[in-house]
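Asker: Protein chains in written order, with my numbering: chain X, -7 to 221; chain W, 7 to 571.
The beta-carbon is built from N, C-alpha and C at its ideal position, and this holds for glycine as well.
(1) Alpha carbon to alpha carbon, how far is residue 87 of chain X from residue 50 of chain X?
(2) By DSSP, does residue 19 of chain W sit in helix, in strand, or in coil?
(3) Could you name each continuous alpha helix (DSSP H) segment of 4 residues or more that falls completely within the region 443 to 515 of chain W, going from the start of the chain to the end?
(4) Can you look up residue 82 of chain W in the DSSP assignment and give me helix, strand or coil?
(5) Determine whether the Cβ of residue 11 of chain X lies closer than 8 Å to any Cβ atom of chain W.
(6) Residues in its own chain within less than 6 Å of residue 176 of chain W by CB, not counting five upstream and five downstream?
(7) Residues of chain X with CB under 8 Å from residue 350 of chain W, in chain order?
(8) Show which residues of chain W have a CB atom less than 8 Å away from the CB atom of residue 181 of chain X.
(9) What residue does the beta strand (DSSP E) around residue 4 of chain X start on, and which one ends it?
(10) Strictly by DSSP, which residues pair up with residue 402 of chain W?
(11) Can you give me the Cβ contacts of residue 232 of chain W inside the same chain, cut-off strictly under 7 Å, excluding the 5 residues immediately before and after it?
(12) So which residues on chain W does residue 97 of chain X lean against when the C-beta distance must stay under 8 Å?
(13) Between the beta-carbon of residue 154 of chain X and the beta-carbon of residue 67 of chain X, is there less than 8 Å?
(14) Give me the Cα-Cα distance between residue 53 of chain W and residue 228 of chain W, rounded to the nearest whole angstrom.
(15) Could you say if the region 491 to 498 of chain W and the region 527 to 543 of chain W meet the contact criterion of at least three C-beta pairs nearer than 8 Å?
(16) Give a yes or no on whether the minimum CB-CB distance between residue 208 of chain X and chain W is below 8 Å.
(17) Output needed in chain order: residues of the region 124 to 142 of chain X with a Cβ under 7 Å from some Cβ in chain W.
(18) Between W:420, W:129, W:454 and W:59, which has its C-alpha nearest residue 206 of chain W's C-alpha?
(19) By alpha-carbon positions, which one of X:9, X:15 and X:48 ends up nearest to residue 41 of chain X?
(20) Look at residue 471 of chain W and residue 517 of chain W and say whether their C-beta atoms are less than 8 Å apart.
(21) For residue 442 of chain W, go through chain X and note every residue whose CB falls closer than 8 Å to its CB, in chain order.
(22) CA-CA distance, residue 476 of chain W and residue 549 of chain W?
(23) Residue -4 of chain X by DSSP, collapsed to three states: which one?
(24) Give the secondary structure of residue 150 of chain W by DSSP, where H, G and I count as helix, E and B as strand, and everything else as coil.
(25) Taking C-alpha atoms, which residue in W:95, W:180, W:256 and W:280 lies nearest to residue 189 of chain W?
(26) Excluding the 5 residues preceding and the 5 following residue 389 of chain W in the sequence, name in chain order all residues of the same chain whose CB lies nearer than 7 Å to its CB.
(27) What residue does the alpha helix (DSSP H) around residue 532 of chain W start on, and which one ends it?
(28) Beta carbon of residue 127 of chain W, beta carbon of residue 192 of chain W: below 8 Å?
(29) Does the CB of residue 342 of chain W have a neighbour CB from chain X at under 8 Å?
(30) Would the beta-carbon of residue 496 of chain W fall within 8 Å of that of residue 480 of chain W?
(31) Of the residues W:137, W:102 and W:78, which one's Cα is nearest the Cα of residue 89 of chain W?
(32) Taking a contact to mean a Cβ-Cβ separation below 8 Å, would you say residue 224 of chain X touches residue 203 of chain X in this structure?
(33) For residue 41 of chain W versus residue 239 of chain W, is the C-beta distance shorter than 8 Å?
(34) Could you tell me how far apart the beta carbons of residue 445 of chain W and residue 414 of chain W are, in whole angstroms, since I believe they sit closer than 8 Å?
(35) Closest to residue 531 of chain W by C-alpha separation, out of W:556, W:547 and W:137, would be which residue?
(36) Suppose the cutoff is 7 Å on Cβ atoms and the five residues either side in sequence are ignored; what does the same chain contact list for residue 92 of chain W look like?
Have a look at this one:
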C-alpha cells in the first residue's frame, strides 16, 4: 500500500488530509513538527512527502533539504498558504518537486500525488542516451562514463521526457503536462527552476548548456543524442 | 563647348579661393613678404631683360655700322687695285686676287676681317678660282640671298650671318658685299666679313653684371620689405594678442598707445571698446549679485517654515507608509490565516459532496451550495490578496518571452465552456505566427480570463470576438461582446472595485467584482493600458495593449477600442 507522510502543524487539516487520502487507498503518516519529520522519514521512509512550509521546530524549506540529503528519489510536494513567488521558488530550489497552494481541491491533490508516484517512461523499455549520458529507465539511473549521477525522481522524469524525443521543442506548458500532469497551467517557474536544478547536475557547464538547450521565447529541447559518444 | 569651359573656369576659381594655403592664411607677414618678393622679382626681371636687349642690340648695331664703312673702303680699294692692274699689260690677276684676298692676315676670329671673292658666274677664269676666301673661311658663310642682291645691282649690301671655317668653328657676324669687275677677266662679287666676337664678350659681361645687380637688388628689396613689414606687423600682432586676452576674460587688458599713427588710432578705439565692455559686464555682475542676495534672503526667510512643513510632511508620509504596511501585512496575514481552515472546510465539503447521493435531497442540495460558495469565497480571497499587493505596490513581474497568440487561444480553451458551444460563442482572430512579447504569463492570462469572463457575463448569449493585432512596439487584444453594453458613465466606473453596472443583475458566474480592476492593474504593471468602448444594447469592447519590450513605450496602439463595425 502506498504511504504518504503529511507534515503540517494544523491538526484539523492534517486529519482531513488523512480522511481524503485514506479514501483513495493511501496510507497516511501524520507529523506536526519539522524536526520530528526528519526523524520519522529516516525510520520509516514513505513513498511521498506532503510538506507545509510554516512549521514549528524546523521550517518546511529546511526539512525539504534534510530529506533530500537522505533520499534523492522520494517525491516532495510542498503545501503552502503563500502564493508568493519567492517562497515557491525557495521550496523548489531546496528540492521540492511540486507545490500546492492552499486552499486546494482534494481531487487536485490526489491527482498530483498520483502523477508523482507514477514511474516515468513506463511505455519505453529500451535505454536512452543523450549527450554523453546513458539513461537506464528500468533501473531508474543516469550514468556518465559508468558513474551514476543522482537525480530526484522528478528530475529523472524531466530528463526522460526531453530525451525521448531529442530535438523536439517542448513548450513549458507541454512539459508541465508531461512531467507534472498539469492540464492547464502557465506556472513556468516550476519548469524553469527544475531545468536549472537538472542542468546543475548533468551539464558540464551549466552556464552554457549542451544537453538541455533553451529555445528562446518557446521552451526547451534536448541537444545531441549519444551518437557522438 | 564655350559654356563648359567657362563653367570649368568658374569651378577652378571657386576652389582656388577656398583653398588658400594654410601657410599664408595664418600669417600676414608671410603673405605680404611673399607677395612683395614675387612682384619685385617679376619687375626686375622684365626691366633687366629689356635693358639688356637694348644694350646688346646697340653694341651690335654700332659694330655693323663700323663694319659697313670699313668693308666699303676695302672693296673700293680692291676695285681700285683691279683698275690699276688692268692698265699694266703683264698684270697677273690671279696673283692680284690672291694678294687682295689674303691681305687680311688678322682673322675675323681675332677682331679682324675676312674677305671672300666669288665669280659671278661661278666659273674659273684665267687661273682665278671661282671662289677665293681668306683664312680657311667656308664660302657658305656668305648667304645666297645676299649674293643675289649684290649681283642685281652695283650697290653695297650687307646682312647678318654666321661665319664658318673649315675646321668647324662658327662665329656670329656681318657680311658686306658689292659687285666688282676685273677688267678682261669677268664680273666678281667681293665680300668683307666681320665677326662680333669682341662685342659678344662685352655683351656677356654686361649680362652677367646685370644678373648680379638684379639679384642684389632683389635681396635688398626683400630685406627692406621684411624690416618695414615687421615694423607694421609687430603692433598689429600685439593688438591681436591683447584682443585675444580680453576675449578670454581678462577684462582689464588694454593696448599701449604710442604716437598718432593708424596703429595708435586702432589702439585707442580698442581701449575705448574694452572700457565699455568692462562697464557693461560689471553692471551685469552687480545686477546678478543683487539678484542672488535677494534669492538667498528670500530663501532664508522661507527656509524655517519650509523645513517645518517638510518635517511634518515626512512624518505624515512615514506614518501613512507605516499604516499601509501594517494594512498590507494585515490583509496578507488574514488571507493566509484564512487559507488553512478554508482548505480543511474545502476538503470536508468535498467529502460530504461526493457522498451526496446517500443524503436526503435538501441536504444534498445544501452540499452543492456549500461547495460552490466555498469556491466563490476562495476566489474572493485570492482576488483581495492580489488587490492588497497592488495597493502596497509589492506586486512584481516575472517576465519571459510569451507568445500572445497561443496564450489567447489557450485562455479561450480553458474557459470551461463545452467546445461545441465555445466555437459558436468565441470567434478568435489572431496571427498564426507567434507574437512574442516580454510579459508575465500568469498575469496576462489573468487579464484574458477576467476580460473573457466579463464579456461572457454580459454577452446575453451572443457571440464574442477576440482579436489580436500587433505593430512594431506593441500588441493589442480586443474582447468585443454584443450584449447589454455600457453607457459613458459606466465606462468611467467600469474598473472600480466591486462596481456593477446593474446591481440587480444576477451574479451568475460568481465573479468577485474585482476582475476588471485586477486586469487593469496587471496591464499597468506591464506598462500597458486597457481602453473601453461601450454603447447601450450594442455591447462593449475592451482592448488591452501591452508593449512588446518591457520598459519601452507604446508608440501607437495596434487596435482601437472603437469598433469599426
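Answerer: The answer reads as follows:
(1) Numbered from its first residue, the first chain carries residue 87 of chain X at position 95. Numbered from its first residue, the first chain carries residue 50 of chain X at position 58. Note on geometry: alpha-carbon atoms of residue 87 of chain X and residue 50 of chain X lie some 16 Å from one another.
(2) Here residue 19 of chain W refers to the residue found at position 13 of the second chain. Because residue 19 of chain W sits at a pLDDT of 44, beneath the cut-off of 50, its placement in the model cannot be relied upon, and the following sentence gives the value as read from the coordinates. If DSSP states are grouped into helix, strand and coil, residue 19 of chain W belongs with the helices.
(3) Listed in chain order, the complete alpha helix (DSSP H) runs (minimum 4 residues) inside the region 443 to 515 of chain W are 447 to 464 and 494 to 499.
(4) The residue labelled residue 82 of chain W in the question sits at position 76 within the second chain. Looking at residue 82 of chain W - three-state DSSP - the assignment turns out to be helix.
(5) Numbered from its first residue, the first chain carries residue 11 of chain X at position 19. Cβ-Cβ to chain W under 8 Å: yes for residue 11 of chain X.
(6) If you number the second chain from 1, residue 176 of chain W lands on position 170. Correct list, in chain order: 168 and 170.
(7) Position 344 of the second chain, counted from the first residue, corresponds to residue 350 of chain W. Those within 8 Å of residue 350 of chain W in chain X are 2, 4, 5 and 8.
(8) If you number the first chain from 1, residue 181 of chain X lands on position 189. Residues of chain W passing the Cβ test: 404.
(9) For the purposes of this step, residue 4 of chain X is identified with residue 12 of the first chain, where counting begins at 1. Segment 3 to 15 is the alpha helix (DSSP H) holding residue 4 of chain X; no beta strand (DSSP E) there.
(10) Here residue 402 of chain W is taken as the residue at index 396 of the second chain, counted from 1. DSSP, once it has assigned bridges, lists no residue as partnering residue 402 of chain W.
(11) Working through the second chain from its first residue, we reach residue 232 of chain W at position 226. Closer than 7 Å at Cβ, skipping near neighbours: 39.
(12) Within the first chain, residue 97 of chain X is the residue found at index 105, counting from 1. Ordered by position in chain W, the residues that pass the 8 Å Cβ test against residue 97 of chain X are 352 and 356.
(13) Sequence index remark: in the first chain, residue 154 of chain X carries index 162 (1-based). Sequence index remark: in the first chain, residue 67 of chain X carries index 75 (1-based). The answer is no: Cβ separation not under 8 Å.
(14) If you number the second chain from 1, residue 53 of chain W lands on position 47. If you number the second chain from 1, residue 228 of chain W lands on position 222. If you take the alpha carbons of residue 53 of chain W and residue 228 of chain W, they lie about 18 Å apart.
(15) yes
(16) Counting from one through the first chain, the residue named residue 208 of chain X turns up at place 216. Yes, residue 208 of chain X lies at the interface with chain W (some Cβ there is under 8 Å from its Cβ).
(17) none
(18) Along the second chain, read from residue 1 onward, the residue named residue 206 of chain W stands at position 200. If we check each option's Cα against that of residue 206 of chain W, W:59 comes out closest.
(19) Your numbering for residue 41 of chain X matches position 49 in the first chain. Minimum Cα distance to residue 41 of chain X is reached at X:9.
(20) Reading the second chain from its first residue, position 465 is the one you call residue 471 of chain W. Reading the second chain from its first residue, position 511 is the one you call residue 517 of chain W. With contacts defined as CB atoms closer than 8 Å, residue 471 of chain W and residue 517 of chain W fail to qualify as a contacting pair.
(21) One-based indexing of the second chain puts residue 442 of chain W at position 436. Correct list: 209.
(22) As a working mapping, residue 476 of chain W is identified with position 470 in the second chain. As a working mapping, residue 549 of chain W is identified with position 543 in the second chain. Looking at the two C-alpha atoms, the distance is approximately 12 Å.
(23) Numbered from 1 along the first chain, position 4 holds the residue referred to as residue -4 of chain X. Correct three-state label for residue -4 of chain X: strand.
(24) Start at 1 with the first residue of the second chain, and residue 150 of chain W comes out as number 144. Correct three-state label for residue 150 of chain W: helix.
(25) Start at 1 with the first residue of the second chain, and residue 189 of chain W comes out as number 183. Nearest option by C-alpha distance: W:95.
(26) Residue mapping note: residue 389 of chain W aligns to position 383 of the second chain, counting from 1. So the qualifying residues of the chain are 518, 520 and 524.
(27) Position 526 of the second chain, counted from the first residue, corresponds to residue 532 of chain W. Per DSSP, residue 532 of chain W belongs to no alpha helix (DSSP H) and is neither H nor E.
(28) Here residue 127 of chain W refers to the residue found at position 121 of the second chain. Here residue 192 of chain W refers to the residue found at position 186 of the second chain. It is a contact, given that the beta carbons lie within the stated cut-off.
(29) As a first step, residue 342 of chain W must be located in the second chain, where it is residue number 336. Yes, contact with chain X.
(30) In the second chain, counting from the first residue as 1, residue 496 of chain W sits at position 490. In the second chain, counting from the first residue as 1, residue 480 of chain W sits at position 474. Against a cut-off of 8 Å, the Cβ pair of residue 480 of chain W and residue 496 of chain W comes out as no contact.
(31) Numbered from its first residue, the second chain carries residue 89 of chain W at position 83. With distances taken between Cα atoms, residue 89 of chain W lies closest to W:102.
(32) Residue 224 of chain X lies beyond the stretch modelled for chain X, which goes from -7 to 221, so this question has no answer here.
(33) Sequence index remark: in the second chain, residue 41 of chain W carries index 35 (1-based). Sequence index remark: in the second chain, residue 239 of chain W carries index 233 (1-based). No. Outside cutoff.
(34) The residue you call residue 445 of chain W lines up with position 439 of the second chain. The residue you call residue 414 of chain W lines up with position 408 of the second chain. About 12 Å; that fails the 8 Å criterion.
(35) As a position in the second chain, residue 531 of chain W is number 525, starting the count at 1. Nearest option by C-alpha distance: W:556.
(36) Here the question's residue 92 of chain W lines up with position 86 in the second chain. Excluding positions up to five away in sequence, the list reads 189 and 190.
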